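Which chain is which? The protein sequence lines are A and B, in order.
Our numbering numbers the first residue of the first sequence as 1 and each following residue consecutively.
Our numbering numbers the first residue of the second sequence as 312 and each following residue consecutively.
Below: one structure, written as structure tokens.
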Amino acid sequence: MNSQDLAWLIRRHGIEMTHLSGGSHIGAILSVADIMGVLYTDILKFDSKNPKWDGRDRFILSKGHAGASVYAAIAENGFFDTAELKTHYANGSRLSGHVSHHLPGIDFSTGSLGHGLPVAAGRALAGKQDGKSFRSFVVMGDGECNEGSVWEAAEFANHYKLDNLVAIVDHNHMQSLDYCNNTLEVDMAKRWEGFGWNVIEVDGHNHDELRKALKDTSNSEKKPTVVIAHTVKGKGISFMESDILWHYRFPHDGWEYNCAVNELHKTKPDNVVDPYTPEGCPKCESEPEHCHHTVSETYHPTYYKREVESR
Amino acid sequence: MRDTVIHKLIDLGKKDKDIELITGDLGFGVLKPFWETLPDQFVNAGIAEQNMTGAAAGMALEGKKVFTYSIGNFPTLRCLEQIRNDCAYHNANVNIICVGGGYVYGSLGMSHHATEDIAILRALPDVTVICPGDPIEAALATEKIANTEGTCYLRLGRGGEKVINTSIREFEIGKAYKIRDAKDLDKKVAVFSTGAILEETAKACDMLEEQGIAVEQYSFPSVKPIDKEVIEDCAKRFDHIFTVEEHNIVGGFGGAVAEVMAESGSKAKLHRIGIDDFYCIKVGSQAYLREQVGIDAKGICSKVKEVVSE
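As structure tokens, then:
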């Protein structure tokens with residue numbers, strides 16, 4: 001399986017899992033899908049038959065709300081049966097909405113933002129002390145970078161020259177209620193540079209750029225590396241892209257689910273089989289006018305297609 | 312007891328390279344012997360307790376036996392969610408050392424009074440809460456928790472506490488230690504304390520004995536898990552049980568004892584001696600503040616007398 005195949009399957013599983021569970025965060029799952037696809041094919045060292053293998057690279061999905069993406073990535077890599085993905089959010093399931101370590105292939109539970117980087121830094125430091133060669137990876141959200149603990153860890157990692165630490169920011173430019181820059185304006189790259197990190201900016205949907213950035217992060221100055229991956233929230237489903245509604249809404253029965261699946265089928269790699277709807281969905285009407293489907297008691301219509309405000 | 316703990320950690324660290332001490336930029340003078348002896352097992356994380364605790368969890372997941380170090384509420388309340396999610400939930404061997412439990416930093420003001428920490432840490436599943444009463448309990452507890460999986464809170468006093476518990480040989484998590492048997496007098500009570508208030512409590516017990524009230528006294532260095540056996544046994548044999556803590560009476564040591572007594576249906580009456588649910592706005596030394604809130608030897612003694620002579 002190559003990175004494109006895996007990224008496609010992560011998207012397809014993500015749609016199915018949120019559809020079945022009524023779970024949130026499909027927008028974030030879609031934005032991080034390419035990052036996860038590349039990590040779990042070409043970058044991370046792991047052994048699905050021996051999940052605790054000491055030589056593995058350490059990985060934390062710190063934006064735990066995109067948990068479906070890592071569940072799908074490890075299931076497709078044989079850590080557990082992909083059929084279990086359908087239990088996401090369900091009573092008695094091992095697959096909580098946010099990442100759980102009570103699963104083979106996952107070392108660290110997340111869900112509260114700003115926890116992943118400090119822990120990843122601690123692991124990187126311990127690895128260096130013990131002369132181990134693994135790298136410690138952490139995927140964060142851009143909204144997550146509002147958290148002060150991220151910057152405590154950023155200082156720490158720089159000071160202790162943790163060049164075996166690799167952070168990836170899924171910079172989809174949107175957070176919980178709005179665009180990042182409408183929330184707390186920030187120049188992401190400058191900020192990390194200011195903390196002394198090795199900063200690489202890439203198109204987070206371009207697998208070659210991601211691979212190139214992540215393959216070898218060693219550098220002569222022994223800096224920790226951050227890959228700022230510019231992404232689009234909801235990437236791959238046109239009506240979900242850059243729409244904050246899809247941070248929360250799940251693809252409902254009917255045109256939402258059908259159109260989402262059929263859009264994905266347009267980009268499906270030939271050798272990949274859709275495990276849920278091999279032929280796509282037969283019925284796919286276009287989006288109704290005025291987007292009535294998007295109005296719910298917790299959703300404010302002015303968020304729809306909102307632009308970054310000039311300040 | 313803080314120096315005792317650090318010297319114990321140096322001994323342990325020399326034999327075991329997985330022992331790690333990580334500080335939030337505190338411990339001037341106290342930690343120096345550690346970082347000079349074991350520089351490769353020492354990390355200063357800066358004034359950043361959330362990262363200190365998260366990084367400690369990460370190191371523990373890699374097999375280290377980590378001790379975080381700071382004072383007052385900084386290693387606990389400031390980074391409570393990191394203790395909960397990163398350490399306890401992952402069963403990480405992180406031992407949180409707090410120097411300054413209670414009013415140790417009395418004169419520094421309310422920010423430095425650690426007076427709700429026991430209750431808060433006790434509420435977290437899979438966190439062991441240890442409040443040694445004297446340097447001997449502290450040293451033995453340190454060795455024990457370093458080699459016990461999981462997350463532990465070690466709440467210390469300051470330096471210079473007197474040795475009280477001379478009977479303890481080995482530290483057992485969850486065990487209370489008898490400090491004195493009740494003399495054969497008409498009036499008898501049981502007195503339990505946790506943490507460094509042990510010294511004042513022992514003094515109070517001396518005073519009570521002199522005044523004709525016999526005391527069976529216990530030190531409870533382990534608040535969670537708590538020694539139910541001793542509590543239930545005393546509840547059968549005494550009419551009055553007193554708990555003493557340098558901590559808010561809500562949810563702390565007295566609260567833990569109350570839970571056991573309530574569920575065991577004992578007839579003994581519990582009296583919690585501690586800080587009666589307020590922030591201390593008075594300024595002064597630990598001894599002064601203890602006296603002001605009534606948890607010095609005199610205050611403890613008069614509270615017991617008040618009840619017994621009723």
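Think of the CB as a built atom: it goes at the ideal place given N, C-alpha and C, for glycine as much as any other residue.
Quick caveat: nothing in here was measured; it's all calculated off a predicted structure.
key: Other residues of its chain near B:ASP329: CB distance less than 7 Å, five sequence neighbours each side excluded   = GLY374, LYS375, LYS376
task = May I have the straight-line CA-CA distance separating A:ALA120 from A:ASN146, to the nearest angstrom?
result = 18 Å
task = Take B:ALA598 as the anchor and find which of B:GLU557, B:ASP314, B:LEU342, B:ALA567 has the nearest alpha-carbon.
result = B:GLU557
message = Just to make sure I have the definition right: I need the residues of chain D whose C-beta is within less than 8 Å of the C-beta of A:ASP107. Which are they?
response = Given the protein chain composition of this structure (A and B), no chain D is represented.
query = Are the region 103-120 of chain A and the region 73-89 of chain A touching by the rule of at least three beta carbon pairs closer than 8 Å?
reply = yes
task = Answer with yes or no whether the minimum CB distance from A:HIS13 to chain B is below 8 Å.
result = no
query = Can you tell me the Cα-Cα spacing of B:ASN406 and B:THR334, whole angstroms?
reply = 12 Å
message = Quick check: B:LYS614 and B:ILE584, are their CB atoms within less than 8 Å of each other?
response = yes
request  = Look at the alpha carbon of B:ASN362 and the alpha carbon of A:CYS180, and state the distance between them as a whole number of angstroms.
outcome  = 24 Å
message = Taking the beta carbon of A:TYR226 as the centre, do at least 16 other beta carbons fall within 10 Å, making it buried, or is it exposed?
response = Looking at the sequence itself, residue 226 of chain A is Val, so the reference to Tyr does not match. That one is buried.
query = Under a CB-based cut-off of 8 Å, is B:LYS473 close to chain A?
reply = Chain A, which has no Cβ nearer than 8 Å to the Cβ of B:LYS473, makes this no.
message = Give me the DSSP bridge partner(s) of B:LEU496.
response = DSSP output for B:LEU496 lists no bridge partner at all.
request  = Verify the CB distance criterion: does A:GLY122 have a CB-CB separation below 8 Å to chain B?
outcome  = Interface residue, yes.
key: Where B:GLY357 meets chain A, residues with beta-carbon distance less than 9 Å   = GLU152, GLU155, PHE156, HIS159
key: Endpoints, the alpha helix (DSSP H) within which B:ALA608 is located   = 608-619
ask   = Could you give the residue range of the beta strand (DSSP E) that holds A:ALA229?
value = Per DSSP, the unbroken beta strand (DSSP E) holding A:ALA229 starts and ends at 225-230.
task = Just mark A:TRP8 as buried or exposed, buried being the case when its beta carbon has 16 or more other beta carbons within 10 Å.
result = buried
task = Specify, as a first and last residue, the run of the beta strand (DSSP E) that A:LEU165 falls within.
result = Following the DSSP letters along the chain, one finds A:LEU165 inside the beta strand (DSSP E) bounded by residues 165-171.
B:LEU435: CB within 7 Å of a non-hydrogen atom of the ligand ADP = Among the components modelled here there is no ligand, and therefore nothing to report on the ligand ADP.
inquiry  = Assuming the contact rule is C-beta atoms closer than 8 Å, B:LYS494 and B:GLU520 should be a hit. Round their C-beta distance to whole Å, please.
reply    = B:LYS494 to B:GLU520, Cβ: 6 Å. Contact.
ask   = With distances taken between CB atoms, is the gap from B:GLY417 to B:LEU600 smaller than 8 Å?
value = yes
request  = Using DSSP bridges, identify the partner residues of A:ASP203.
outcome  = A:HIS230, per the DSSP bridge assignment.
ask   = Looking at the unbroken beta strand (DSSP E) that takes in A:ASN262, where does it start and where does it end?
value = Where A:ASN262 is concerned, there is no enclosing beta strand (DSSP E), although the alpha helix (DSSP H) it sits in stretches over 255-266.
query = Terminal residues of the continuous beta strand (DSSP E) containing A:GLN129?
reply = Premise fails: A:GLN129 lies in the alpha helix (DSSP H), 116-129, not in any beta strand (DSSP E).
inquiry  = I want to see whether chain B comes within less than 8 Å of A:VAL226, judged by CB atoms only; does it?
reply    = no
request  = Please go through the same chain and pick out, in chain order, the residues whose beta-carbon is closer than 6 Å to the beta-carbon of B:CYS680, but skip the five residues on each side of it.
outcome  = Lying outside 312 to 621, the shown extent of chain B, residue 680 of chain B is not represented and no answer is given.
Closer than 8 Å to chain A by CB, B:ASN396 = yes
inquiry  = With a threshold of 8 Å between beta carbons, is B:LYS375 in contact with chain A?
reply    = yes
ask   = Given that a residue counts as buried once 16 or more other Cβ atoms are within 10 Å of its Cβ, and exposed if not, what is B:ASN458?
value = Within 10 angstroms of the beta-carbon of B:ASN458 lie fewer than 16 other beta-carbons, which makes it exposed.
query = Would you call the region 215-234 of chain A and the region 30-49 of chain A touching, i.e. three or more CB-CB distances under 8 Å?
reply = yes
message = I need the straight-line Cα distance from B:LYS319 to B:THR453, nearest angstrom please.
response = Rounded to whole angstroms, B:LYS319 to B:THR453 spans 7 Å at the Cα level.
ask   = If we cut at 8 Å on Cβ distances, does B:ASP587 have a partner in chain A?
value = no
key: The alpha helix (DSSP H) enclosing B:ILE429, as first and last residue numbers   = 428-433
ask   = Taking Cβ-Cβ distances shorter than 7 Å, what residues in chain A pair up with B:ALA367?
value = GLY122
message = Strictly below 8 Å CB to CB, what residues from chain A border B:GLU392?
response = SER112, HIS115
Cβ of A:GLN4 within 8 Å of any chain B Cβ = no
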